[in-house]
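Q:
Protein chains in written order, with my numbering: chain A, 1 to 680; chain B, 1001 to 1592.
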């Protein structure tokens, strides 16, 4: 977890310094125009500055108060810029560490005639093939087309343990900038220069390609609307004030305007978005767009692969149950023979069980002229042919079908044993020899710790969990029950997954899933949120809209939480920002008119000292609150997995009621301070 | 405040609650092709209407077609009314026993805009300006038509929420015809008869003249400022087809009085029963539509949650208005203002002695909640804060039950905004009854809110510093500001009640007021219909524990808060220089 440690130190003076500089660069009106709220504040600041200078030149009275107002208005804009720059700075620092991994590599390109030439890695184009040997960096994203190698991907994932990458199958994708540790592979490059994984990731964390997400756009419209409403309220207040015989100065009116428009959320909105993406990247998930992260927060149904997500990858053999008339040792012998070349964890666990229980030692199959029959999705069996013996093991119906070609029926006791195992959540494997059923192996799934609580939380959040498994329905039901899932899809083939996603979507639901294999690609593409495993195939990675660099399917749940947290942070700060206005009215309105109508002082419930100190305090509070909330915006508000009503009640209490009360205290405190030190 | 007063208010809420469901069910049936007991009678008439007008009742309209049909209909109706007003004095025009002249262009334009928009702002006195023909064919017709249009619009917006993946919102002509035939006409027929039974006038006779037993001497101040004494020996008593117009005036939340004194005149409001009926009827269709909303969207609880929000705001208004009026006038030192069996107590200025404080406070609240605008007392004579309540009710956006139909589509705008904020705070893309609320919907909702603010504050801002604006006000200081602010608020909100004291029959107020009303109706309806059209196109997302429910007390609380905060934040500065300042100055001993 080396990268995560470097991330902790991102709050360095380097970033803060850079952000300070950027705060001024971002004053450029063309940049600021994208943010209507802060743009209005900037225009207000320009107008007060102009008035300030004009008053000075014409030797009009009043300078100290006006100067302070003008300065604090500029600070308001700068603070908002700083928040955004801070979020971007943290991203840039991450990008820099990533960039180091992109250092120029020499690629050995294989030409059409088979000869090899050396070129720089950045010149490689999609479709070209390169040879990479131990110790070399992989020059670009691609797929292993020949060979197998162990690869150090720590530059990307932060995980120091090497991973195996091999041609064919679901572990063929390699990433540019990672290093081959052993062996030699031929890689087919899949991306053009500038479009590699690493390039995309750098752009993403830098915020360079950040596009506003749908909810962010909608919120921006709401904020722009509120800004115009307050602009109207303030602009039309002046004629009413003139009628009432107490016209207001430009400084006071602009102060009121800036205090009323939602500067808090307006100033922090883009920082929240950038920081949200940043949090996703910190968890080693690469999202193709902010839209994908936001969609994750909306997910109604989670499709989770049983293996690796809900259960530990390896099922263990725990028992041999022979068919009537078969000796237990005979079954154990056949089971062991069929599994000796089976490199799957299940296969190995059978060999282990045979050794522990029956003392059967491992044998060298090559000595027997044996032919290993690997598992295939079509036959759903594996086994071995040796000395004319045809030993097979596989799922219940696969073996039954295999044996039925010989007219052999299933003994009732075997069927009984299969049912018992399935009901208990285990997986029965049948073993046959020469199409006679010998008995059943009991494979047990080990459910990961803490998953049940996780699923309970998801249920409270309104998210339905569906387990996807190749197991038969009985087994699937038992595991789903034990792990606390809402539903399961048993004996799932890739097209079943796709059909399930379509069915859920037809009901208007948003579906998220994880996948790694090429055959997952259609489902990943169909799902609203498709989290592909980095260890998976290139096809899967391209079909999904997120890639988990750690290849940990449980990550999907975290992404959902980040998506929700992102929206909640925006909603909470909007509520806070608007709720603040109540106190600001009570500070500024009496200050504006108490001169002409002392009776209005009754509205000065905070007891602010003078009209000038009241207005100044409100403006200062309005500016400082942006800075005060930067950490919250970057971190996100705390997310609790609760139902919608409970969550809303909580957030309304904290940010709504809190938002009404906080400025009363804050403005009063600032008033006490500035009148004490003599600013107003 | 008295037990009797509270009993009246309580009885009102009870009756309103009781009529909500039957009315709501009935309207849902009428507009969803359900069966009603009136079908055998009305279906043939309806078919005849469609055959004569060439309307294909199976034709479904997109939001744009619906809007254009509605606008065309309103434009033509407005022109017809303008024509009648301008021609009423011609010799061959019937039903003009008092021989009223043609209405002047400015006033005719203002009045045409006023009645077309369901505002019924009146810069004229009915009994001294309008012929019976204008009253019946021009004004009463619009009372029906503008209310019918309002119902049609509300139904179209509800369909937008209820339908899924649909491009259409229904057929404007069908919705309008059905609202006329099934809802407004039968109800008004019965109500008018009840009113007549209570002594309300219904005739086409010239005005009566009565001789005083004791001739009165009155002081009048001429335009030259000289005061002269005048002896009055007789009184002209206005007549006319009042009962028939009164029924739709109230039920259709129009509020334009046949007579200048509106529902404070004994001919427009003869007995306590008619008074109570009027108060209930103003809110009954708006209240019923909340049930229709629940029924048509399949979430009856949501309908009640919306009803509860409206009822809470209504109760708050009544309580505040009643409270401030019952407290009396602090400047009347040494005057006994206590309530006793011998006197009503409190501030009785501008109130009918027949109705008293509780009833007038309730009437003032409901008429401004409902964008009705009928009055049985003068809001201008309320205490400053008591007079602020009706104004705030309108500023809230006429969504406390609101105008017929207009209240429904108005509150949906606030629901969309509430649900958007709530949705963000629970971490999901906001949804309203399964419809995702996206940027287009938020944009349209905000445009609607914005237009109202722009009209009220913009026109007030111009008028308050212009000679043509301030020359019409009758009291100086903050009360003068209240008069202008109330006028533009009332017109933009299509309420039509007058604060009183403002001379509206000037070129500036006639023209600016007409635009205030026209924009306040149609510029707000267009974005709402656009939003409904957009909502209709969407898929329905099934509800889950992660969805913020729009059926709970929490939702009601949120909706009330959003409505109050949005309007308070918008109008607080203006109010603080108007009624709030006036109230504070009054306590300091300064009145205007």
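The beta carbon of each residue, even a glycine, is placed where N, CA and C say it ideally should be.
Quick check on DSSP: helix, strand or coil for residue 1266(B)?
A: Locating residue 1266(B) in the second chain gives position 266, where the first residue counts as 1. Coil, per DSSP.
Q: For residue 1099(B), which of helix, strand or coil comes out of DSSP?
A: Mapped onto the second chain, residue 1099(B) falls at position 99. DSSP places residue 1099(B) in coil when its eight states are reduced to three.
Q: What does residue 1257(B) pair with, by DSSP beta-bridge criteria?
A: The residue given as residue 1257(B) occupies position 257 in the second chain. Looking at the DSSP assignment, residue 1257(B) forms no beta bridge with any residue, so it has no partner.
Q: Name the one or two DSSP bridge partners that residue 385(A) has.
A: Position 385 of the first chain holds residue 385(A). 371(A), 390(A).
Q: For residue 360(A), I'd like the list of residues in its chain whose CB is within less than 7 Å of its CB, leaving aside the five on either flank, ordered along the chain.
A: Position 360 of the first chain, counted from the first residue, corresponds to residue 360(A). Taken in chain order, the residues that qualify are 332, 333, 336, 354.
Q: Leaving out five residues before and five after residue 1302(B) in sequence, what residues of the same chain have Cβ atoms less than 6 Å from its Cβ?
A: For the purposes of this step, residue 1302(B) is identified with residue 302 of the second chain, where counting begins at 1. Same-chain partners within the cutoff: 1294, 1550, 1551.
Q: Among 559(A), 230(A), 274(A), which residue has its Cα nearest to the Cα of residue 296(A)?
A: Taking the first chain and counting its residues from 1, the one referred to as residue 296(A) is at position 296. It is 559(A).
Q: What's the call for residue 1052(B), buried or exposed, on a 16-neighbour Cβ count within 10 Å?
A: Stepping through the second chain from its first residue, residue 1052(B) is reached at position 52. So residue 1052(B) counts as exposed.
Q: Kindly provide the ranges of any alpha helix (DSSP H) runs that are 4 or more residues long and lie completely inside the segment 2-63 of chain A, ordered along the chain.
A: Fully enclosed alpha helix (DSSP H) runs of 4 or longer: 2-8, 13-25, 29-32, 36-57.
Q: Just verifying my parser: in three-state terms, what is the DSSP assignment at residue 576(A)?
A: On the first chain, residue 576(A) is found 576 positions in, with the first residue counted as 1. Correct three-state label for residue 576(A): helix.
Q: Looking at chain A, which residues of the segment 1378-1407 of chain B have a Cβ within less than 9 Å of any of its Cβ atoms?
A: The residues in question: there are none.
Q: How many Å lie between residue 7(A) and residue 535(A) at the Cα?
A: Sequence index remark: in the first chain, residue 7(A) carries index 7 (1-based). Sequence index remark: in the first chain, residue 535(A) carries index 535 (1-based). Because residue 7(A) sits at a pLDDT of 44, beneath the cut-off of 50, its placement in the model cannot be relied upon, and the following sentence gives the value as read from the coordinates. Each residue's alpha carbon lies about 24 Å from the other.
Q: Which residues does DSSP list as the beta-bridge partners of residue 316(A)?
A: As a position in the first chain, residue 316(A) is number 316, starting the count at 1. Beta-bridge pairing links residue 316(A) to 444(A).
Q: Could you check whether the Cβ of residue 1043(B) sits closer than 8 Å to any Cβ belonging to chain D?
A: Looking for chain D here will not work: the only protein chains present are A and B.
Q: Helix, strand or coil for residue 533(A)? Go by DSSP, reduced to three states.
A: For the purposes of this step, residue 533(A) is taken as residue 533 along the first chain, with counting starting at 1. In this structure, residue 533(A) counts as strand in the three-state DSSP scheme.
Q: What residues from the segment 217-243 of chain A come within 9 Å of chain B, judged by C-beta to C-beta, listed N to C?
A: Residues 217, 218, 219, 220, 221, 222, 224, 225, 226, 228, 229, 230, 232, 233, 234, 235, 236, 237, 238, 239, 240, 241, 242, 243.
Q: Please list the terminal residues of the continuous beta strand (DSSP E) segment that includes residue 152(A).
A: For the purposes of this step, residue 152(A) is identified with residue 152 of the first chain, where counting begins at 1. From DSSP, the beta strand (DSSP E) with residue 152(A) extends over 148-152.
Q: Out of 532(A), 71(A), 481(A), which one is the CA nearest neighbour of residue 619(A)?
A: Within the first chain, residue 619(A) is the residue found at index 619, counting from 1. Cα-wise, what sits closest to residue 619(A) is 71(A).
Q: What ranges does the beta strand (DSSP E) occupy inside the segment 470-500 of chain A, keeping only unbroken runs of at least 3 residues that lie completely in it?
A: List check, beta strand (DSSP E) in window: 487-489.
Q: Decide if residue 1474(B) is buried, meaning its Cβ has at least 16 other Cβ atoms within 10 Å, or exposed.
A: Stepping through the second chain from its first residue, residue 1474(B) is reached at position 474. Classification for residue 1474(B): exposed.
Q: Which chain A residues are close to residue 1453(B), counting only those with a beta carbon under 8 Å from its beta carbon?
A: As a first step, residue 1453(B) must be located in the second chain, where it is residue number 453. Simply 229, 232, 233.
Q: Per DSSP, which residues does residue 464(A) bridge with? Please list them.
A: One-based indexing of the first chain puts residue 464(A) at position 464. Answer by DSSP bridge pairing, in chain order: 301(A).
Q: Where do the N-terminal and C-terminal ends of the beta strand (DSSP E) with residue 109(A) fall, by residue?
A: In the first chain, counting from the first residue as 1, residue 109(A) sits at position 109. 106-110 is the extent of the beta strand (DSSP E) around residue 109(A).
Q: Return the CA-CA distance between residue 113(A) and residue 495(A), expressed in angstroms with no decimal places.
A: Here the question's residue 113(A) lines up with position 113 in the first chain. Here the question's residue 495(A) lines up with position 495 in the first chain. If I take the Cα positions, the gap works out to 40 Å.
Q: Taking the straight line between their C-alpha atoms, what separation do you get for residue 1321(B) and residue 1336(B)?
A: Locating residue 1321(B) in the second chain gives position 321, where the first residue counts as 1. Locating residue 1336(B) in the second chain gives position 336, where the first residue counts as 1. Each residue's Cα considered, the two are about 21 Å apart.
Q: Would you mind reading off the limits of the beta strand (DSSP E) that contains residue 130(A)?
A: The residue given as residue 130(A) occupies position 130 in the first chain. That run of the beta strand (DSSP E) goes 129-133.
Q: Could you tell me whether the segment 574-589 of chain A touches the segment 659-673 of chain A, using the rule of 3 or more Cβ pairs below 8 Å?
A: Flag = yes, the segment 574-589 of chain A and the segment 659-673 of chain A touch.
Q: Just confirm the distance between the C-beta atoms of residue 187(A) and residue 144(A), as a whole number of angstroms; I'd bet it's less than 8 Å.
A: On the first chain, residue 187(A) is found 187 positions in, with the first residue counted as 1. On the first chain, residue 144(A) is found 144 positions in, with the first residue counted as 1. Indeed they touch by this definition, with Cβ atoms about 6 Å apart.
Q: Between 458(A), 271(A), 513(A), 601(A), which lies nearest to residue 1546(B) when the distance is taken from Cα to Cα?
A: Taking the first residue of the second chain as position 1, residue 1546(B) is located at position 546. Ranking the options by Cα distance to residue 1546(B), first place goes to 458(A).
Q: Go to residue 1011(B), then tell me how far its alpha helix (DSSP H) extends in each direction, as first and last residue.
A: Locating residue 1011(B) in the second chain gives position 11, where the first residue counts as 1. Here the alpha helix (DSSP H) through residue 1011(B) covers 1003-1031.
Q: Which chain B residues are close to residue 585(A), counting only those with a beta carbon under 9 Å from its beta carbon?
A: Working through the first chain from its first residue, we reach residue 585(A) at position 585. Here the neighbours are 1568, 1569, 1572, 1573, 1576.
Q: Let's see if you can read the secondary structure: which residues bound the beta strand (DSSP E) around residue 1516(B)?
A: Numbered from its first residue, the second chain carries residue 1516(B) at position 516. Careful: residue 1516(B) lies outside any beta strand (DSSP E), inside the alpha helix (DSSP H) at 1507-1518.
Q: How close, in whole Å, do the beta carbons of residue 1285(B) and residue 1023(B) come, if the pair is a contact with beta carbons under 8 Å?
A: Within the second chain, numbered from 1, the residue matching residue 1285(B) stands at position 285. Within the second chain, numbered from 1, the residue matching residue 1023(B) stands at position 23. Indeed, because the Cβ distance is near 7 Å, the residues count as touching under 8 Å.
Q: Which residues in chain B have a C-beta closer than 8 Å to the C-beta of residue 599(A)? List them in chain order.
A: Walking along the first chain from the start, residue 599(A) turns up at place 599. Going along chain B in sequence order, the residues near residue 599(A) (Cβ under 8 Å) are 1581, 1584, 1585, 1587, 1588.
Q: Residues of the segment 473-505 of chain A in Cβ contact with chain B at a cutoff of 7 Å, in chain order, please.
A: Per Cβ criterion, the list is empty.
Q: Out of curiosity, what's the CA-to-CA distance linking residue 1565(B) and residue 639(A)?
A: Start at 1 with the first residue of the second chain, and residue 1565(B) comes out as number 565. Start at 1 with the first residue of the first chain, and residue 639(A) comes out as number 639. Distance between the alpha carbons of residue 1565(B) and residue 639(A) is about 26 Å.
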